[in-house]
Amino acid sequence: MKVLLHICCSPCSVKCIEELKKDKIDVVGYWYNPNIHPYTEYRSRMNCLKDYSNSIGLEVIYNNEYGLVEFTKNVINNLKDRCSYCYSKRLEETANYAKENGYDAFTTTLLISPYQKHEDIKKMCEDLSKKYKIDFIYKDFRINFREGQNEARNLNLYMQKYCGCIYSEMERYLKKI
Ligand code: SF4
Numbered sequence: 002m003k004v005l006l007h008i009c010c011s012p013c014s015v016k017c018i019e020e021l022k023k024d025k026i027d028v029v030g031y032w033y034n035p036n037i038h039p040y041t042e043y044r045s046r047m048n049c050l051k052d053y054s055n056s057i058g059l060e061v062i063y064n065n066e067y068g069l070v071e072f073t074k075n076v077i078n079n080l081k082d083r084c085s086y087c088y089s090k091r092l093e094e095t096a097n098y099a100k101e102n103g104y105d106a107f108t109t110t111l112l113i114s115p116y117q118k119h120e121d122i123k124k125m126c127e128d129l130s131k132k133y134k135i136d137f138i139y140k141d142f143r144i145n146f147r148e149g150q151n152e153a154r155n156l157n158l159y160m161q162k163y164c165g166c167i168y169s170e171m172e173r174y175l176k177k178i
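Per the numbering used here, the very first residue in the sequence shown carries number 2; after that it's consecutive.
So this is what it looks like as structure tokens:
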């Protein structure tokens, strides 16, 4: 079974890839995260994935869209609910790409983070699975989150300090000031 794995960042991908491979799934990564800002941060996360995926022999497709302007235009009037827009943008693109390119199913590393809205992501993927007529592989990867983060640190992967968008960067650092 060939599965397209949406990858939000390398540290979150470590255990997801391992778990899927344990199930004998043929995994291909898909980078599509136009919500990561500023550009230097976007580039650091993407470059880290390039190095990491090369080191483990994982094929990754890069959809290199940097979407600061579109993202901010779409969420500025409802910042509290910005994550819904952010998830749907990334997941819809993933499901669509998977369908168009002959994959059997799709899934996402967003399902490993205890900081994300897990049930919302699951529901969104289930809906997209119906819309695009492609299977969604659901796994609650969260059980492996800490172990994956530790493994990523040991591998010297780039560890981000905030979720991704410019608003999450503000929230992270304003608390520290
Ligand atoms: S906090 Fe994270 S999930 Fe929410 S909008 Fe920002 S980058 Fe996306």
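Backbone N, C-alpha and C define an ideal beta-carbon position, used for all residues, glycine too.
As the structure is a computational prediction, the values presented were derived from the model and not from experiment.
- The alpha carbon of CYS87 has as its nearest neighbour, out of ASN102, TYR98, LEU111, TYR174, the alpha carbon of LEU111.
- Runs of the alpha helix (DSSP H) lying entirely within the region 9-53, each at least 4 residues long, are 11-23 in chain order.
- In this structure, the straight-line span from the alpha carbon of LYS162 to that of ARG173 is close to 8 angstroms.
- The beta carbons of TYR159 and SER11 sit closer together than 8 angstroms.
- As summarised for the region 61-106, the continuous beta strand (DSSP E) elements at least 3 residues long and confined to that stretch are 61-63, given in chain order.
- Listed by position along the chain, the residues with Cβ atoms less than 5 angstroms from a non-hydrogen atom of the ligand SF4 are ASN36, ARG83, CYS84, CYS87, CYS164, GLY165, CYS166, SER169.
- By alpha-carbon distance to MET2, the top candidate from GLU19, ASP27, ILE18, LYS22 is ASP27.
- Restricting attention to ARG91, ILE18, LYS100, the CA atom closest to the CA of GLU60 is found in ILE18.
- Proximity of the region 135-150 to the region 39-51 falls short of the contact definition, fewer than three beta-carbon pairs being nearer than 8 angstroms.
- In the DSSP assignment, ASN155 falls within the unbroken alpha helix (DSSP H) covering 146-155.
- In this structure, TYR43 sits away from ILE8, with a CB-CB distance that is not shorter than 8 angstroms.
- Beta bridge pairing from DSSP links ASP136 with ALA106.
- Bounds of any alpha helix (DSSP H) do not take in LEU111, whose DSSP letter is neither H nor E.
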